[in-house]
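S.K.: Below is one structure. I have some questions about it.
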Amino acid sequence: MRIKNLLAAGAAIALLAGTAQAADMTGITDTTIKIGNTNPYSGPASVYSVIGKTITAYFEMVNEMGGIQGRQIDFISLDDGYSPPRTVEQVRKLVEQEQVAFLFNTLGTPTNSAIHRYVNAKKVPHLFLATGASKWGQPDKYPWTMGFQPTYDVEGEIYAKYVLENIEDPKIAILFQNDDYGKDYRDGFLHGLGDKADELVVSMLPYEVTDPTVDSQILKMQESGANVFFNITIPKFAAQAIRKSCEIGWKPVHLLNNVSSSVGATLTPAGLECSTGLITALYIKDPVDPQWHDDPGYKEWVGFMEKNMPDADMTDVNYAFGYNVSRLMHHVLDTCEDLSREGIMGCAANLKDIELPMIMPGITVNTSPEDFYPIQSEQLARFDGERWVTFGEVIHAGSR
Amino acid sequence: MDRPNPVTPQLLAAVAVALLFAGFLPHLVSDFTSFQFTQAMAYGVALLGLNILTGYNGQFSIGHSAFYAVGAYTAAILLYHFEWNHYATLPVAALVAFAVGFLFGLPALRLEGLYLALATFAFAVATPQLLKFDAFEHWTGGVQGLFVPKPEPLIEGLSADQSLYYVTLAVMVLLMALAWCLLHSRSGRAMMAIRDNPIAARTMGINTALYKTTTFGISAMYTGIAGALSVFVTEFVAPDAFNFFLAVNLLIGSVVGGIVSIPGVIFGGLFLVFLPNFAQDISRTYPFVPPPWAIFGIFLILVIYFVPFGVWGAVERAFAWWKRRPAGSGR
Amino acid sequence: MDLFLQLTFAGLAIGSIYSCVALAVVMIYQATDHFNFAQGEMAMFSTYIAWTLVGLGAPVWLAFLLAVGLSFLAGVAIERVIVKPVENAPVLNQIIVFIGLLVIFNAVAGWIWEFTIKPFPSLFPADLGFKSTLIGPHHIGVIALTLGVLALVFAFFRFTRVGLAMRAAAANPDSARLVGVSVGWMLALGWGLAAAIGAVGGILVAPIVFLEPNMMAGVLLYGFAGALLGGVSSPGGAVLGGLVVGVLENWVGQYVPGGSELKLTFALILIVGVLVFKPAGLFGRVVVRRV
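See the structure below:
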């Protein structure tokens, strides 16, 4: 496709040109750093808006404590309602009108897709996105965009590997959300199963976010005789699926995607008894899990929450997500000598073994100019009725 | 007020002033603001389609997001897979949307009022699902959508945003003029007769079925062109952008601008682009006010209270009052 | 055959919820001659009120009754304060006001209660004395309660003076006014009843789909479809329409090729198809308009 070649060539030229020109200090003065963000504060994806609120509270705290490298953080978080055209508008506002130094943790796959080319053409760092699609780690084509969390397809592969190694004669049912998130997970999983995928998967059903329930899908999956269930759903539907399969007495090996692994937001509403035996891959410490309650990282997060967001529902894992990513951004800015756009991008692409307070032990942030996937490890865990019990090694997987 | 205005010298003068202002606007504001106005005008074109259908022909639709998507995807597919010239995709988008609209208008003939609204609504709800459907993925890009580049500036010295602004302005003015001609023609009077009294219209020998389906087609065509323009503006299409919220937004824009009007669509478009931003600014400035969506809702209700016939309806009424005022009482 | 039965019963179970919402839709249509797009969000809000009461320690049935009662009052208040100014405005203006209400309720609910899902207790005992894999006790309860509400609605419109006056006020406000019906208050009463029935629906839906600010969006969509299928002038038709939509949706997903991905699309095409041949719905009366 000609367009794609042009794009790659353009990106290469952009990099060369970048080094030749004077450093781009847009958005950064001796006293301030201006950071842009979009979040769904309205509309169907509003459940994630707490991430934007957490980051806002975090930078307010940082400012009270004197800022970063003597600079106050001006964090501008705008509502895009999870609508791609609105994201384009808001990001152009941030870049062209507000003149932010960079974009940080913009949320959502379709929304970030819409601005992917624009920010790279404008050479604006587009850092630590709140989405697990695999396309955010292509430094050769998109040198200004970098993801954050483990990608969905890699996680799908981890489950596939688990199934192949541990389950005799697996017959697999897959329930997935009919969008880019669901299909990324599904494709990674099928890829992990390899040639045998066609034979092993006996039922594969989508659902729409507008569907009231996934009950009928669960019935059909039970009917298919599957003994493994890969559940690629957001918390609301995950909870429905867990409860429904429990009600009808279907007891497959139930693999639950990380997106819905929160004990407080998914498993408690679904019923802890029904959730017993679920398997997931984790990278964030679940706030509800008592095993972390003496952990220094957990205590740091709780301290932050109690002081800065006292009304928050602390069982919601999204607050921990927001805190982690804020801490990472803080670290990058704090240790970066060159605070130009190029400099910040360079610093973000040279992180070695960074530990974050609410990330599981043994999982660290690593990036390089060739590796734009900050977190690539996850740990399998099984739910014992009260908390996630980890088992096996931390699994490090390279993204495809 | 239910008829389009006659041509008067005052009207021509007002149009000239408006055009002059619109022509200079991109040089007075930033590229970003030009982009926002371009978005507003693209919405305006879509609203024009809705006004022709609902305001002048009396057929309801809460499904125009579907026609918007048809136009947008037609343009995007031609640009992405066939590397067409941007502007060459506009007539094709128009034709495809017309065809889809006309076909949709056939079963719609049997439905009235709320039932028609439901049928169009069903169409709007089904659209994202169809765009995501695996069998079409090769063409539509599936859930990932398609990237298309912005058109190059037509004239040297203009930025891409300014150039696109002028193109959109030209398309909008042309389509408004065409709508005006249509509504002043014999056909236009027939359309309005059907709206006001379908039975009487039929008795007078008007082929109501043909008029209604054709109007549906024309309305879809306008909205499809708007969809294509919106692709140039945002440089990206994805199924989730054409959901039911878009359909509701188009309806809101139409009513706010004045559904029985042509110029009202400009205000409707501006409302759709700028009000959410305004609501957000309020919500961000004062920490204890409700979230932006709630403020948007409050504004919506207030607008309906205070300008029940839409912005253009209010302008027309003010103008009529001015003309009717007792002689000598003016300055 | 087993799967067929399973799917049919699952369809009836979920359809019972659409029925309940469809009934509320028809209720407000009968009382005000309009559809209220904010109905789903109002029901969601009522459910949150019940949830809060349960959280404060109220037994679930008491919370249910209190929430339904409060919703009735809120419905009357909303009609008097917010809807009254557009009482005589064109239909589209009213629709826009309803959309405004929808957006406000949704945003405010998220603002107060956040967007994470909340479990909501069932009104019915988990053990009904028998066990069936085809249909759960909550779903049986939903169907029973919906039929109960239907009977009440029917009796109200058929046998009480107020019910008759309300129908008159909606169908022909001018004549109703002439015979001494207070049309304004009848409308308000209609809103109150619709809000109360909506609250019943929300409280029945919540244990199945989990309580969150967007919980009614999908349900309302199917509820509308059910109401139109059955006929908006017929409460019984609406209940049946809701059940049919639920079953249809499941059958289509299983037996039509490509149906699992395009379930909603096919269901909607079928409904529109029915409307093309029976424009007033399956059980609706065709209104003859005089010129």
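Going down the list, the protein sequences come from chains G, P and X.
Taking the working numbering, the leading residue of the first sequence gets 5, the next gets one more, and so forth.
Taking the working numbering, the leading residue of the second sequence gets 227, the next gets one more, and so forth.
Taking the working numbering, the leading residue of the third sequence gets 530, the next gets one more, and so forth.
Ideal placement from N, C-alpha and C gives every residue a C-beta, glycine not left out.
Looking at G367(P): is its Cβ nearer than 9 Å to the Cβ of A467(P)?
M.R.: Cβ atoms of G367(P) and A467(P): not closer than 9 Å.
S.K.: Among residues of its own chain, excluding the 5 on either side of I557(X), which ones have a beta-carbon nearer than 6 Å to its beta-carbon?
M.R.: Around I557(X): N565 and A723.
S.K.: Strictly under 9 Å for the Cβ-Cβ distance: is F806(X) near chain P by that measure?
M.R.: Closer than 9 Å to some Cβ of chain P, the Cβ of F806(X) qualifies, so yes.
S.K.: Find the residues of chain G that neighbour G495(P), judging by a C-beta separation of less than 9 Å, and give them in chain order.
M.R.: Those do not exist, as G495(P) stays about 13 Å from chain G at its closest Cβ, beyond 9 Å.
S.K.: Suppose the cutoff is 8 Å on Cβ atoms and the five residues either side in sequence are ignored; what does the same chain contact list for F132(G) look like?
M.R.: Taken in chain order, the residues that qualify are F108, N109, M150, G151, F152, V329, L332, M333, A352 and P378.
S.K.: Counting only Cβ-Cβ distances shorter than 7 Å, please list the residues of the segment 205-225 of chain G near chain X, keeping chain order.
M.R.: Those residues of the segment 205-225 of chain G that come within reach of chain X (Cβ to Cβ, closer than 7 Å) are L209, P210, E212, T214, D215, P216, T217, D219, S220, L223 and K224.
S.K.: Give me the DSSP bridge partner(s) of A177(G).
M.R.: Answer is S207(G) and F233(G), bridged to A177(G).
S.K.: What do you get for H130(G), buried or exposed, if any count of 16 or more other CB atoms within 10 angstroms of its CB means buried?
M.R.: It is buried - the Cβ of H130(G) has at least 16 other Cβ atoms within 10 Å.
S.K.: Three-state secondary structure (DSSP) at Q153(G)?
M.R.: If DSSP states are grouped into helix, strand and coil, Q153(G) belongs with coil.
S.K.: Less than 8 Å between the CB atoms is what I'm expecting for A767(X) and G759(X), so what's the real figure, rounded?
M.R.: 4 Å between Cβ atoms; contact.
S.K.: Near L19(G), which residues of its chain fall below 8 Å by C-beta distance, leaving aside the five closest residues on each side in sequence?
M.R.: For L19(G), the predicted model reports a pLDDT of 49, less than 50, meaning its position is unreliable and no value from the coordinates is stated.
S.K.: With 8 Å as the C-beta to C-beta threshold (strictly closer), list the residues of the segment 91-112 of chain G near chain P in chain order.
M.R.: Correct list: V92, E93, R96, K97, E100 and Q101.
S.K.: Taking the runs of the alpha helix (DSSP H) that are 4 residues or longer, which of them lie wholly in the segment 260-347 of chain G?
M.R.: Qualifying alpha helix (DSSP H) stretches, in chain order: 276-279, 300-312 and 321-339.
S.K.: Taking 9 Å as the CB-CB cut-off, is L82(G) touching chain P?
M.R.: Answer yes: the Cβ-Cβ gap between L82(G) and chain P drops below 9 Å somewhere.
S.K.: Drop a sphere of 10 angstroms on the beta-carbon of W590(X), count the other beta-carbons inside from all chains shown, and report buried for 16 or more, exposed for fewer.
M.R.: Exposed is the call here.
S.K.: Below 9 Å between beta carbons is the criterion; list the residues of the segment 330-358 of chain P that meet it against any residue of chain G, in chain order.
M.R.: Taking 9 Å as the Cβ-Cβ cut-off against chain G, the residues of the segment 330-358 of chain P that qualify are V351, P354, Q355 and K358.
S.K.: Is there a C-beta anywhere in chain G that falls below 9 Å from the one on F558(P)?
M.R.: Shown here, chain P extends from 227 to 557; a query on residue 558(P) therefore has no answer.
S.K.: Look at the Cβ atom of P174(G), then the Cβ atom of N235(G), and state whether they are nearer than 9 Å.
M.R.: It is not a contact, given that the beta carbons lie outside the stated cut-off.
S.K.: F545(P) lies in the beta strand (DSSP E); which residues open and close that run?
M.R.: F545(P) -> not in any beta strand (DSSP E); alpha helix (DSSP H) instead, spanning G536 to R550.
S.K.: Along chain P, in chain order, which residues have C-beta atoms closer than 7 Å to that of K187(G)?
M.R.: By Cβ distance, chain P contributes V369.
S.K.: Residues in its own chain within less than 6 Å of G765(X) by CB, not counting five upstream and five downstream?
M.R.: If we look at G765(X) and ignore the five residues flanking it on each side, it has no Cβ neighbours.
S.K.: Given I607(X), which residues of its chain have a CB within under 7 Å of its CB, disregarding the five upstream and five downstream residues?
M.R.: The answer, listed in chain order, is W720.
S.K.: May I have the straight-line CA-CA distance separating V54(G) from V351(P), to the nearest angstrom?
M.R.: Roughly 28 Å between the two C-alpha positions.
S.K.: Check each residue of the segment 507-540 of chain P: if its Cβ is closer than 7 Å to any Cβ of chain X, include it; give the result in chain order.
M.R.: Listed in sequence order: P516, P517, W519, A520, F522, G523, I524, L526, I527, I530, Y531 and P534.
S.K.: If you follow the beta strand (DSSP E) that S381(G) is in, where does it begin and where does it stop?
M.R.: Its beta strand (DSSP E) spans residues S381 to F387.
S.K.: Using a Cβ-Cβ cutoff of less than 6 Å, which residues in the same chain neighbour W310(P) once the five nearest sequence positions on both sides are dropped?
M.R.: Closer than 6 Å at Cβ, skipping near neighbours: L304.
S.K.: Nearest to E572(X) by CA position, among S789(X), L749(X) and L797(X), is which residue?
M.R.: Rather than Glu, the amino acid found at residue 572(X) in this sequence is Ala. The option with the nearest alpha carbon to A572(X) is L749(X).
S.K.: So with Cβ pairs under 9 Å, would you call E378(P) a contact of chain G?
M.R.: No, E378(P) lies away from the interface with chain G (no Cβ there is under 9 Å from its Cβ).
S.K.: Would you give the residue range spanned by the beta strand (DSSP E) that S902(X) belongs to?
M.R.: For residue 902(X) there is no data in the structure shown, the boundaries of chain X being 530 and 820.
S.K.: In the DSSP assignment, find the alpha helix (DSSP H) that holds T346(P) and state where it starts and stops.
M.R.: Run containing T346(P): G339 to K358, per the alpha helix (DSSP H) assignment.
S.K.: Please go through the same chain and pick out, in chain order, the residues whose beta-carbon is closer than 6 Å to the beta-carbon of L3(G), but skip the five residues on each side of it.
M.R.: Outside the shown range of chain G (5 to 404) lies residue 3(G), about which nothing can therefore be said.
S.K.: Who are the near neighbours of R609(X) in its chain, counting only those whose CB is closer than 6 Å to its CB and skipping five residues on each side?
M.R.: A717, listed in sequence order.
S.K.: Give me whichever residues DSSP pairs with L740(X) in a beta bridge.
M.R.: Answer by DSSP bridge pairing, in chain order: K647(X).
S.K.: Going along chain G, which residues have a C-beta under 9 Å from A272(P)?
M.R.: Simply none; closest approach about 13 Å.
S.K.: So, is the C-beta of R190(G) closer than 9 Å to a C-beta in chain P?
M.R.: Output row for R190(G): interface = no.
S.K.: For the segment 230-246 of chain G, which residues have a CB atom closer than 8 Å to at least one CB atom of chain X, in sequence order?
M.R.: Under the 8 Å Cβ criterion, the segment 230-246 of chain G contributes P239, K240, A243 and Q244.
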